[in-house]
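Here this note's numbering is used: position 51 in the sequence shown is 314, and no number is missing along the way.
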Amino acid sequence: MGFHDLPLAERLLIARRGTAFFAQRLAELSDTDLDGETLLSGWSRRHLVAHVGYNAAALCRLLDWAATGVETPMYSSAEQRGREIDEGATLSPAALRNLFDHTVARLDEKWRNLPASAWDAQVRTAQGRTVPVSETAWMRTREVWIHAVDLGNGGRFGDFPDVVLESLLTDIVEMWRRRDLGTGLILAVDGREPVAVRPDSPPADKVSGPLAAVVRWAAGRGTVGVGIEGYLQEPPRWL
Ligand code: ZN
264 MGFHDLPLAE
274 RLLIARRGTA
284 FFAQRLAELS
294 DTDLDGETLL
304 SGWSRRHLVA
314 HVGYNAAALC
324 RLLDWAATGV
334 ETPMYSSAEQ
344 RGREIDEGAT
354 LSPAALRNLF
364 DHTVARLDEK
374 WRNLPASAWD
384 AQVRTAQGRT
394 VPVSETAWMR
404 TREVWIHAVD
414 LGNGGRFGDF
424 PDVVLESLLT
434 DIVEMWRRRD
444 LGTGLILAVD
454 GREPVAVRPD
464 SPPADKVSGP
474 LAAVVRWAAG
484 RGTVGVGIEG
494 YLQEPPRWL
């Protein structure tokens, strides 16, 4: 059972629970803690909070697109997206926290008010994929749960709902396959049949462990809790 098999209301609920999870981690950080590093190289917590805020604003643009039919992309360019995050990182701690709260509330309002008939409207993601606007529930879910861990103050993949872990793993493996990555890589989640990322290639490296640890590794967030047989330490790139 994956995230996409759930009714829309439940998918939105999981996104909101992820937002609450992120908000809780953020609330536990002092203003000076915001200057600290994240799990993402080159990004301070300031960058990360700004990014999560601007991500919600970008998803609001997709919901506007679906509601009005007027094309409004998430970001006008990758450069604009990067510049916005760099500038956002210089905001005062209070302004950063406010940016997060405000954009969360706006996204929630857009989700609540989108007419039922508009949820299948096609929009384009920042990666260039065309998806129904209902996909924003998954896009936001991924962002808030994973970036809550990236804040680096106690959030763990083991805190995620299983359905989120399952769908993350599916997403990551699909992305690797689409890019011809992961040759020889076997993922062995405890209690399940091992999965060859590229079934056509001879097995070379095997990464095994509990679901949360394997997903964490696959998402590029470290080797804690996984066993690695072979030479591979870093997973193939995902996003
Ligand atoms: Zn992100």
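Every residue, glycine too, gets a C-beta built ideally from N, C-alpha and C.
Cβ-heavy atom distance, residue i to the ligand ZN, below 7 Å
{"i": "residue 406", "result": "yes"}
{"i": "residue 410", "result": "yes"}
{"i": "residue 318", "result": "yes"}
{"i": "residue 314", "result": "yes"}
Exposure of residue i, with buried meaning 16 or more beta-carbon neighbours within 10 Å
{"i": "residue 411", "result": "buried"}
{"i": "residue 311", "result": "buried"}
{"i": "residue 400", "result": "buried"}
{"i": "residue 267", "result": "exposed"}
{"i": "residue 350", "result": "exposed"}
{"i": "residue 440", "result": "exposed"}
{"i": "residue 418", "result": "buried"}
{"i": "residue 475", "result": "buried"}
{"i": "residue 482", "result": "buried"}
{"i": "residue 427", "result": "buried"}
{"i": "residue 332", "result": "exposed"}
{"i": "residue 223", "result": "With the chain covering only 264 through 502, there is no way to say anything about residue 223."}
{"i": "residue 523", "result": "Here the chain has residues from 264 to 502 only, and residue 523 is not among them."}
{"i": "residue 472", "result": "buried"}
{"i": "residue 413", "result": "buried"}
- Query: Is there contact between the region 315–327 and the region 367–380, where contact requires at least three CB pairs shorter than 8 Å?
  - Reply: Counting Cβ pairs under 8 Å, three or more are found: they touch.
- For the region 462–502, which segments carrying the alpha helix (DSSP H) assignment without a break, of at least 4 residues, lie completely within its bounds, in sequence order? Listed in chain order, they are 474–481.
- Item | Whole alpha helix (DSSP H) elements within the region 410–471, 4-residue minimum | Taken in chain order, the whole alpha helix (DSSP H) runs of length 4 or more contained in the region 410–471 are 425–441.
- Message: Restricting to runs no shorter than 3 residues, where is the beta strand (DSSP E) found entirely within the region 334–362?
- Response: For the beta strand (DSSP E) assignment, the region 334–362 encloses no uninterrupted run of at least 3 residues.
- Task: Inspect the CB distances between the region 388–402 and the region 440–453 and report whether three or more fall short of 8 Å.
- Result: Contact fails: fewer than three Cβ-Cβ distances are below 8 Å.
- Is the number of C-beta pairs between the region 382–390 and the region 328–347 that are closer than 8 Å three or more? In this structure the region 382–390 lies against the region 328–347, because at least three pairs of beta carbons, one per stretch, are closer than 8 Å.
- Flag this pair as touching only if the region 348–365 and the region 285–296 have three or more C-beta atom pairs under 8 Å; answer yes or no. Using a Cβ-Cβ distance cut-off of 8 Å, the region 348–365 and the region 285–296 are in contact, since at least three pairs of beta carbons, one from each stretch, lie closer than that value.
- At which residue ranges does the region 298–336 contain complete alpha helix (DSSP H) runs of 4 or more residues, listed in the order of the chain? Counting only runs of 4 or more, we get 308–331.
- Decide if the region 297–308 is in contact with the region 426–433; the criterion is three or more beta carbon pairs, one per stretch, under 8 Å apart. No: the two stretches stay apart, fewer than three of their Cβ pairs being nearer than 8 Å.
- Query: Pairing CB atoms from the region 322–335 with CB atoms from the region 267–286, are three or more of them under 8 Å?
  - Reply: Verdict: no, contact absent.
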